[in-house]
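Scroll down for the structure; my scribbles are underneath it.
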Amino acid sequence: MDKQLRQLKTDKKAYGKLAGLLGLAAFLLLIPVIGDSYAELFFYLLFINVALAQSWNLLAGYTGLISLGHAAFFGIGAYTTALVMIWLKWPFFVALILGAAASMLFALIVSRPIFRLRGIYFTIGTMVLAEALRIWMINWEKTGGAQGVNLPLETALSYTTMYYIAFVLAAASVITLAVILRSKIGMGLRAIRDNERSARNSGVNIYRTKLTAFLISALITGLAGGIHAEYSGTIEPYSIFSINWTLTALVIVIVGGMGTITGPILGAFIVGLLGEFLIHYPTIHLIILGIILIAVIRFFPGGLRGALVTLYRLLTEGRSARKIAGNQSGADAK
Amino acid sequence: MSSTTLIAGLVTGLLLGGLFAICALGLSLVFGIMRLVNVVHGELLVLAAYLNFTLGRWAGIDPLLSLLILVPIMFGFGFLIQKTILNPLMNKGDEAPLLTAFGLSIIAQNLFLLIWKADTRSLNTEYTGLGLPVAGIQIPLMYLLEFVIAIVLILLVHLFMRKTFLGKAMRAAALDADTARVMGINPKFVYAFTYGMGSAVAALGGTLIAMTFSFVPTTGLVWLLNGFVVVVLGGLGSVFGTLGAGFLLGAAEGLGGAIFGTGYRELVGYIIFLIVLIMRPSGLFGRSNG
Numbered sequence: 000m001d002k003q004l005r006q007l008k009t010d011k012k013a014y015g016k017l018a019g020l021l022g023l024a025a026f027l028l029l030i031p032v033i034g035d036s037y038a039e040l041f042f043y044l045l046f047i048n049v050a051l052a053q054s055w056n057l058l059a060g061y062t063g064l065i066s067l068g069h070a071a072f073f074g075i076g077a078y079t080t081a082l083v084m085i086w087l088k089w090p091f092f093v094a095l096i097l098g099a100a101a102s103m104l105f106a107l108i109v110s111r112p113i114f115r116l117r118g119i120y121f122t123i124g125t126m127v128l129a130e131a132l133r134i135w136m137i138n139w140e141k142t143g144g145a146q147g148v149n150l151p152l153e154t155a156l157s158y159t160t161m162y163y164i165a166f167v168l169a170a171a172s173v174i175t176l177a178v179i180l181r182s183k184i185g186m187g188l189r190a191i192r193d194n195e196r197s198a199r200n201s202g203v204n205i206y207r208t209k210l211t212a213f214l215i216s217a218l219i220t221g222l223a224g225g226i227h228a229e230y231s232g233t234i235e236p237y238s239i240f241s242i243n244w245t246l247t248a249l250v251i252v253i254v255g256g257m258g259t260i261t262g263p264i265l266g267a268f269i270v271g272l273l274g275e276f277l278i279h280y281p282t283i284h285l286i287i288l289g290i291i292l293i294a295v296i297r298f299f300p301g302g303l304r305g306a307l308v309t310l311y312r313l314l315t316e317g318r319s320a321r322k323i324a325g326n327q328s329g330a331d332a333k
Numbered sequence: 000m001s002s003t004t005l006i007a008g009l010v011t012g013l014l015l016g017g018l019f020a021i022c023a024l025g026l027s028l029v030f031g032i033m034r035l036v037n038v039v040h041g042e043l044l045v046l047a048a049y050l051n052f053t054l055g056r057w058a059g060i061d062p063l064l065s066l067l068i069l070v071p072i073m074f075g076f077g078f079l080i081q082k083t084i085l086n087p088l089m090n091k092g093d094e095a096p097l098l099t100a101f102g103l104s105i106i107a108q109n110l111f112l113l114i115w116k117a118d119t120r121s122l123n124t125e126y127t128g129l130g131l132p133v134a135g136i137q138i139p140l141m142y143l144l145e146f147v148i149a150i151v152l153i154l155l156v157h158l159f160m161r162k163t164f165l166g167k168a169m170r171a172a173a174l175d176a177d178t179a180r181v182m183g184i185n186p187k188f189v190y191a192f193t194y195g196m197g198s199a200v201a202a203l204g205g206t207l208i209a210m211t212f213s214f215v216p217t218t219g220l221v222w223l224l225n226g227f228v229v230v231v232l233g234g235l236g237s238v239f240g241t242l243g244a245g246f247l248l249g250a251a252e253g254l255g256g257a258i259f260g261t262g263y264r265e266l267v268g269y270i271i272f273l274i275v276l277i278m279r280p281s282g283l284f285g286r287s288n289g
């Protein structure tokens, strides 16, 4: 009886969550219809940021691998997509898939050496790797050097189309994470994050599990890069391989709540809204983001999501505590 | 390509390696003593360059003379950063201080942009552009100066670490903070002192960067990465290793620049770094126990 009741309660909670998500999705799908181009741009960037943040989160929050080189995956996805469209004149979607494949191939090639690096060495290694790639692209004349390349204008997709593509990417990245984390791989990842040695002793294949997370992360980031290349119409190495992509993902994840799925979505909203609010003061925007980042790490290690959960618990526990107290005083009166 | 070009690249690169070592020393100290990857180190260098630039504007003092004021200021500044912002996170794993330093780096870069604008700056004196012709190779005076300063500085820091109580306390806290505490050493003070020392050395490094090259608000990243390369090649917290790795990186980049073109200079350094990091994660000159 009690068990059934509890089951009913969790079902209710799950349905509530599902209904909320569907409502949000419906709202976002309607934005290009009911909103203006300004709202469209805002949410487009939000989707790209959610995808980047989730892919960074998969490594940092669930595997314990703090990468400062995510810009490499983004840049490779963007450049491969652009070059396939320019050189081979293939359509965007084929190019996008090849871009994501190139990003994953890069991840696969660097995975064996880079996984030998532990903790802070992994962080430094990924950062230097991404910078090395950026300098290479700035100097390599074949891919336009520092000037970069322009994507074919005549086949360019509309901003609204790109909006929906970015929406699909963001939704897919959230769903992918949710599915992975419920799978055996997800359990292995968290075991590695918490204690690599005991994970190995429990039979987790460390290399393969890490590689899976790394490849999925590269896939999502590479797709985001390819989509952003088509959206921008022109790409150059300074901004496409910029450490700022990694930075944005990192800030969003930590501010929202690392190692959770809803945290980065919340974080992307907060960072996006702050950006809109301070759109004419980009330097002040970044200074405030830096301060928020430091404050969150110090005072709310669980991010805003963690802070909200704590607040909610405090409020509801306070209420149930009062209820119990009330019942007891009632019993006393009898 | 003539052999003179190669030799010139090698020699000037080697000399410039002194600057690499100076700029990496602060990073190496902080890394070695408290295992903190100080990603805001590049911004400390650039901050010193800007402060020196402003001092020069106001008072017209020679940049090297300004260091008499700048070094204590940067020491105090670094001490305060560690004491107020980083120390509370030191027992919360590697990630929290690293990501906090990342936040500081974002704040610093944008403050530079706000205060000093995006213009390219440099510290120019009558002697910064001079060069000495040696055997047909033109050697910039600044490179020579940096080579000498690096050797002297490294020796001084080495002596400090070996002979003074504070130096010994730093090494003790690095080995085992808890035991050091039992012995009457306050690790938190030692950490703040170490960070202050790193920032003080950055005052020198930043000034020399600005006298040799030019700088903008985002210049810190290149020097941070160069610093990583030097620190990892030199081995965790090894002072002489930092000097050796600085020279090695300088020579390799100089040679690489001469062979592949100046645009690829840093790429050569990064690739050597990645190869060494993967082959020997404890560095070329490093002891595995730090």
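Order-wise, the sequence lines are chains D and H.
Quick note on numbering: the first sequence equals residues 0 to 333 in numbering that gives the first Met the number 0.
Quick note on numbering: the second sequence equals residues 0 to 289 in numbering that gives the first Met the number 0.
Each residue gets a CB set at the ideal place from its N, CA and C atoms; glycine is no exception.
It should be emphasised that the depicted structure is a prediction, and the values quoted were computed from it without experimental measurement.
Discussion item. Going by the DSSP bridge assignment, what does H/Ile136 pair with across the sheet?
Written reply: In DSSP, H/Ile136 forms a bridge with H/Val133.
Practice prompt. Identify, in the order they occur along the chain, each residue of the same chain with its Cβ nearer than 6 Å to the Cβ of H/Ile32, setting aside the five sequence neighbours on each side.
Written response: Cβ neighbours of H/Ile32 beyond the five flanking positions: Met169, Ala173, Thr193.
Practice prompt. Using DSSP bridges, identify the partner residues of H/Arg120.
Written response: According to DSSP, which records beta bridges pairwise, H/Arg120 is partnered with H/Phe214.
Worksheet item: How big is the Cα-Cα spacing for D/Leu288 and D/Tyr311?
Response: When only Cα atoms are considered, D/Leu288 and D/Tyr311 end up about 25 Å apart.
Practice prompt. Output yes if chain H places a C-beta closer than 8 Å to the C-beta of D/Glu334; else output no.
Written response: For chain D, the structure presents residues 0 to 333; residue 334 of chain D sits outside this window and is missing.
Worksheet item: For the region 49-71 of chain H, which residues have a beta carbon sitting closer than 9 Å to at least one beta carbon of chain D?
Response: Contact residues of the region 49-71 of chain H toward chain D are absent (C-beta to C-beta distance below 9 Å).
Fill in: CB-CB length for D/Ala169 against D/Val83, believed under 8 Å
The Cβ separation is near 23 Å, so there is no contact.
Fill in: Continuous alpha helix (DSSP H) stretch holding D/Met126: start and end
D/Met126 -> alpha helix (DSSP H) spans 118-138.
Discussion item. Does the CB of H/Thr83 have a neighbour CB from chain D at under 8 Å?
Written reply: With its beta carbon at least 8 Å from every one in chain D, H/Thr83 lies outside the interface.
Worksheet item: The alpha helix (DSSP H) spanning H/Arg264 covers which residue range?
Response: Per DSSP, H/Arg264 belongs to the alpha helix (DSSP H) from 264-278.
Discussion item. For a cutoff of 8 Å on Cβ pairs, would you count D/Lys333 as touching chain H?
Written reply: Any reading at D/Lys333 must be qualified, since the residue scores a pLDDT of 39, below 50, and its modelled position is unreliable; the value itself is stated next. For D/Lys333, the answer is no, since every Cβ of chain H falls outside 8 Å of its Cβ.
Discussion item. Which residue wins for smallest C-alpha separation from H/Leu66, given the options H/Leu207, H/Thr99, H/Leu97?
Written reply: Of H/Leu207, H/Thr99, H/Leu97, the residue nearest in Cα terms is H/Leu207.
Discussion item. Does the region 51-59 of chain D come into contact with the region 214-228 of chain D, if we say contact requires no fewer than three beta-carbon pairs (one atom in each stretch) closer than 8 Å?
Written reply: They touch, by the three-pair rule.
Fill in: Residue-level contact to chain H via CB, D/Thr282, 8 Å cutoff
At a cut-off of 8 Å, the C-beta of D/Thr282 has a neighbouring C-beta in chain H.
Worksheet item: Between D/Asn48 and chain H, is there a C-beta pair that is closer than 8 Å?
Response: Interface flag for D/Asn48 against chain H is unset, since no Cβ pair is found closer than 8 Å.
Fill in: Beta-carbon contacts of H/Ile136 that lie in its chain and below 8 Å, excluding the five residues immediately before and after
Closer than 8 Å at the Cβ level, and outside the excluded window around H/Ile136, lie Thr3, Ile6, Ala7, Val10, Thr11.
Worksheet item: So, helix, strand or coil for H/Ser287, using DSSP?
Response: Residue placement at H/Ser287 is poorly supported in this model, since its pLDDT is 42, which falls under 50; the coordinates still yield a value, given next. If DSSP states are grouped into helix, strand and coil, H/Ser287 belongs with coil.
Item to complete: Whole angstroms is fine: what's the gap from D/Ala94's alpha carbon to D/Arg199's?
Response: In this model, D/Ala94 and D/Arg199 are separated by some 39 Å (Cα to Cα).
Discussion item. Using beta carbons (cut-off 8 Å, strictly below), is D/Tyr206 in contact with chain H?
Written reply: Taking Cβ atoms only, chain H never reaches closer than 8 Å to D/Tyr206, which makes this a no.
Worksheet item: By the 10 Å Cβ neighbour count, where 16 or more other Cβ atoms means buried, how is D/Ile108 classified, buried or exposed?
Response: The residue is exposed, with fewer than 16 neighbouring Cβ atoms inside 10 Å.
Worksheet item: By a C-beta neighbour count over all protein chains shown, 10 Å radius and 16 as the cutoff for buried, is H/Leu232 buried or exposed?
Response: Only buried fits H/Leu232, as 16 or more other CB atoms lie within 10 angstroms of its CB.
Worksheet entry | Per-residue contacts from D/Asn138 into chain H (C-beta, under 8 Å) | When 8 Å is used as the limit between beta carbons, D/Asn138 is near these residues of chain H: Gly260, Gly262, Tyr263, Leu266, in chain order.
Worksheet item: In its own chain, which residues sit with a C-beta less than 6 Å from the C-beta of H/Val38, not counting the 5 before and 5 after it?
Response: Here the set comprises Ala100, Phe101, Ser104.
Worksheet item: Under three-state DSSP, which class holds D/Asp331?
Response: Note that D/Asp331 scores 45 on pLDDT, short of 50, meaning its location in the model is unreliable; the coordinates nonetheless yield the value given after this. Under the three-state reduction of DSSP, D/Asp331 is assigned to helix.
Discussion item. Rounded to the nearest angstrom, what separates D/Leu56 and D/Ala100 at their Cα positions?
Written reply: Note on residue identity: the sequence assigns Asn, not Leu, to residue 56 of chain D. Going by the C-alpha atoms only, they are around 20 Å apart.
Worksheet item: Excluding five sequence neighbours on each side, which residues of the same chain lie with their C-beta closer than 8 Å to the C-beta of D/Tyr158?
Response: By the criterion of a C-beta distance shorter than 8 Å, D/Tyr158 is surrounded in its chain by Ser36, Glu39, Leu40, Tyr43, Tyr230, once the five residues flanking it on both sides are discounted.
Fill in: Bridge partners - H/Asn313, DSSP secondary structure assignment
Coverage of chain H is limited to positions 0 through 289, which leaves residue 313 of chain H absent and any answer about it impossible.
Worksheet item: Using 8 Å as the limit for Cβ to Cβ distance, is D/Thr122 near chain H?
Response: Output row for D/Thr122: interface = yes.
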